[in-house]
Structure formats: C-alpha cells, structure tokens
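Okay, structure first, notes after.
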Amino acid sequence: MPTESASTGELITQLATQTSRLVRDEMRLAQKEFQESAKRAGVGAGLFSIAGVFAVFGAATLVAAAVAALALVLPVWAAAVIVGVVLLAVGGVAALIGKRQVQEVSPVPERTVANVKDDIHEVKDARHDRT
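Those letters in the sequence shown? Residues 1 to 131, by UniProt numbering.
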C-alpha cells in the first residue's frame, strides 16, 4: 500500500490503520478460540456429569437385582461386594474419559498468541530491513 512518494504523515496514518485492523483481527481470533475452548470444556463437563448420573442410577437400579441373582450361588455379602466393585469400575472409566476431555481444553488462545508473535517478528524484521 505505501508508495515511494507517500509522505511521513500518510505512512503514519497507514501504520495506525493497519495496526488497528491487526489488533481487531487478533481480538476476533482470540474470541473465537475462547468460544471453541468453552464449548469443548462444556462437552467434557457434560460427559463428566453424565458419568456421575449413570454411576448413581446404575448402582441404585441394578444393585438389588444383581445382588439377588448372585446371592443364589454366593453368600449375600459376597454378591453385594462383587456388584458394587463392577458399578464403581464403570463409573470410574466414564469419569476418566470426562476428565480427559476437560484437560484437553487449552486456556490460552494458542493460534492468537502464535499470530501475535509472528506479527511482532515481522514488524521487527521490517524495521531492521529499513535501517
């Protein structure tokens, strides 16, 4: 955009305009990244909640039937322990999957940070090229 005959004032105006546009674009990108991260965190938190609900409902609903079925061949206490361990294992697996989903969310807008670093590098290079 700058030409050989552009005045210093015009160049400063162009610099201000381009800098303003760059900052706005980077802010939009950061906002988009935060929205994507929040959405992913929401999915992970939802899965974590579902894991807890299924663990509780599964334990409450199936424990009596499973214990009764196992009590036909084992002592009642042994049947209850076996069913309880199985239900806790299923709940634990679901919790680990939900935890992994939540941990994969980056709190830092990585693309925006990388773009800003690239922009700073470009400005420094352009400044050094002129001197």
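Every residue, glycine too, gets a C-beta built ideally from N, C-alpha and C.
{"Asked": "Counted within 10 angstroms of its Cβ, other Cβ atoms place proline 107 as buried (16 or more) or exposed", "Found": "exposed"}
{"Asked": "Serine 37, DSSP secondary structure in three states", "Found": "helix"}
{"Asked": "Contact the segment 55 to 66 vs the segment 119 to 127: 3+ CB pairs below 8 Å", "Found": "no"}
{"Asked": "Own chain, CB closer than 7 Å to alanine 41, minus 5 neighbours either side, in chain order", "Found": "Val102 and Val105"}
{"Asked": "Coil, strand or helix - asparagine 115 by DSSP", "Found": "helix"}
{"Asked": "CB-CB length for alanine 95 against phenylalanine 48, believed under 8 Å", "Found": "7 Å"}
{"Asked": "As assigned by DSSP and simplified to three states, the class of valine 7", "Found": "It should be noted that the sequence gives serine, not valine, for residue 7. In this structure, serine 7 counts as coil in the three-state DSSP scheme."}
{"Asked": "Whether residue 137 touches alanine 45 by CB criterion (9 Å)", "Found": "Because residue 137 is not part of the residues shown, which for the chain are 1 to 131, the question remains open."}
{"Asked": "Nearest-angstrom beta carbon gap, alanine 79 and leucine 88 [assumed within contact, 8 Å]", "Found": "Not quite, the Cβ-Cβ distance comes to about 15 Å (not below 8 Å), so this is no contact."}
{"Asked": "Bounding residues of the alpha helix (DSSP H) (the contiguous stretch that carries valine 90)", "Found": "76 to 103"}
{"Asked": "Buried or exposed by the 16-neighbour rule on C-beta atoms within 10 Å, applied to valine 85", "Found": "exposed"}
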